[in-house]
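Q: The numbering of the sequence shown is our numbering, which starts it at 2 and goes up by one.
Yeah, the Cβ is synthetic: ideal placement off N, Cα and C, and Gly gets one too.
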Amino acid sequence: MLRLIALVHDSFKRAVRGGAAKVGENHHGMRARRFAERFVEDERVLATIELHDRPYAAWRRAQRGSSAERRAITRMMRRVPDAELLLEFVELDASTEGKSWEPVSWFRDALEQGGDLPESARR
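1) Could you tell me the distance, in whole angstroms, from the CA atom of Arg18 to the CA atom of Glu51?
2) Taking buried to mean at least 16 other C-beta atoms within 10 Å of its own C-beta, is Thr97 buried or exposed?
3) Okay, do the stretch 56 to 67 and the stretch 22 to 33 touch, 3+ Cβ pairs below 8 angstroms being the bar?
4) In terms of residue numbering, what span does the alpha helix (DSSP H) encompassing Trp60 cover?
5) Is Arg79 near the ligand NAD, with its Cβ less than 6 angstroms from a heavy atom?
6) Provide the residue span of the alpha helix (DSSP H) that contains Met77, from first to last.
7) Among Ala37, Arg45, Ala7 and Met2, which has the Cα closest to the Cα of Met78?
8) Let's test the definition: count the other Cβ atoms within 10 Å of the Cβ of Glu85 and tell me whether it reaches 16, buried, or not, exposed.
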């Protein structure tokens, strides 16, 4: 599953319409999900592909002073059938050279505070 997610998750960045908001159907994660839906029925994989950038985006907004981001993560996680898979992929994606581990730590903390992280994924 991780290999498939890794191959597809950012493949549609070039398909995002410039000048339009990068949300909904115009977000690269959603475009990647729509592509994957033609071949995959597993909602765990599809949700991870679609939502893989949301934790980072929430962390960025939190760094700018937003206080609602942990609640946004909790709402997002209601759509995620496999929190462990999403967390594992977010960690894998963050392990790319040049990326910071800070957003991943923030995401893990947000999940633990919200009670959305399965016991098996806690450190």
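A: Taking the geometry as given:
1) Taking the sequence shown and counting its residues from 1, the one referred to as residue 18 is at position 17. Taking the sequence shown and counting its residues from 1, the one referred to as residue 51 is at position 50. Near 17 angstroms, if we compare the C-alpha coordinates of Glu51 and Arg18.
2) Numbered from its first residue, the sequence shown carries residue 97 at position 96. With fewer than 16 Cβ atoms within 10 Å of its Cβ, Thr97 is classed as exposed.
3) no
4) Within the sequence shown, residue 60 is the residue found at index 59, counting from 1. Note, Trp60: alpha helix (DSSP H), Arg55 to Gln64.
5) The ligand NAD is not part of this structure, which contains no ligands at all.
6) What you label residue 77 is simply residue 76 of the sequence shown in a count that begins at 1. It spans Glu70 to Met78 - the alpha helix (DSSP H) in which Met77 sits, taken as one unbroken run.
7) The residue labelled residue 78 in the question sits at position 77 within the sequence shown. Here the closest residue by C-alpha is Arg45.
8) In the sequence shown, counting from the first residue as 1, residue 85 sits at position 84. Glu85 comes out exposed.
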